[in-house]
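Numbering (my numbering), first residue to last: 53 to 196.
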C-alpha cells in the first residue's frame, strides 16, 4: 500500500510541474488574461538534433519550468517527420499556419518571443548555455 501511495504522489507531483504547451489561439487569450508574454517554439522533435537538445537541456529543466509558469504562455509548433510521431491534422494545419507567419525562413529550432498581444519582440534559436542563461536571453528579447 505504501508503494502505491508513493507512486501516486510521485505521479501527481510530476504532472503538476509538467510543461504546459498551449495552442496559439489559447495562448493569445491566456496571455491577455494573465498579462504574460508568449514563447512560440518551432521544433522538429524527432529529426532536429538542436531541437532535441533544446528540449532536453532547457524546456525540460526545472528552472525553466518554474520561470515559464510565472512569466510565459508556451506554444510549440512541432514538425515531426516519422509517421509514428505524426500530429493530428488540425495541429499540423495550425503549425503550418504559424510557420507561414512567423518562420518563413524555415529555421529549426526557432524561438519567437511575443508580447501579450502576439507582437514579435525577438527571435533566437539553440544556444548551448545553461537554463539560467537561456531564461535571461528570453527576457532580454521581451522588449520590456
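Where is the CB? At the ideal position from N, CA and C, for every residue including glycine. Quantities reported herein were computed from a predicted structural model and do not represent experimental measurements.
Residues of its chain near residue i, where Cβ-Cβ distance is below 6 Å and the 5 sequence neighbours each way are ignored
{"i": "residue 100", "result": "160"}
{"i": "residue 130", "result": "95, 97"}
{"i": "residue 122", "result": "none"}
{"i": "residue 195", "result": "173"}
Where the alpha helix (DSSP H) containing residue i begins and where it ends
{"i": "residue 149", "result": "141–154"}
{"i": "residue 193", "result": "Premise fails: residue 193 is in no alpha helix (DSSP H) and is neither H nor E."}
{"i": "residue 80", "result": "76–86"}
Same chain, Cβ closer than 8 Å to residue i, neighbours up to 5 away in sequence not counted
{"i": "residue 172", "result": "154, 164, 165, 166"}
{"i": "residue 119", "result": "187"}
{"i": "residue 175", "result": "162, 163, 164, 165, 193"}
{"i": "residue 137", "result": "97, 98"}
{"i": "residue 152", "result": "none"}
{"i": "residue 68", "result": "Confidence at residue 68 is low in this model, with a pLDDT of 39, below 50, so its placement is unreliable and the value that follows should be read with caution. There are no such residues."}
{"i": "residue 102", "result": "160, 161, 177, 178"}
Run of the beta strand (DSSP E) containing residue i, from where it starts to where it stops
{"i": "residue 91", "result": "89–95"}
{"i": "residue 135", "result": "Premise fails: residue 135 is in no beta strand (DSSP E) and is neither H nor E."}
{"i": "residue 174", "result": "172–176"}
Buried/exposed call for residue i, threshold 16 Cβ in 10 Å
{"i": "residue 89", "result": "buried"}
{"i": "residue 39", "result": "A question about residue 39 goes unanswered here, because the residues of the chain that appear run from 53 up to 196."}
{"i": "residue 110", "result": "buried"}
{"i": "residue 63", "result": "Since pLDDT at residue 63 reaches only 43, below the 50 mark, its modelled position is unreliable, and no value is offered."}
{"i": "residue 127", "result": "buried"}
{"i": "residue 93", "result": "buried"}
{"i": "residue 181", "result": "exposed"}
Check: residue i C-beta below 7 Å from any heavy atom of the ligand MG
{"i": "residue 186", "result": "Among the ligands in the structure shown, none appear at all, so the ligand MG cannot be discussed."}
Chain-order list of residues whose beta-carbon lies under 7 Å from that of residue i (same chain, five-residue window excluded)
{"i": "residue 74", "result": "82, 125, 126, 127"}
{"i": "residue 134", "result": "98"}
Length at least 3, wholly inside the region 104–132: the beta strand (DSSP E) runs in chain order = 124–130
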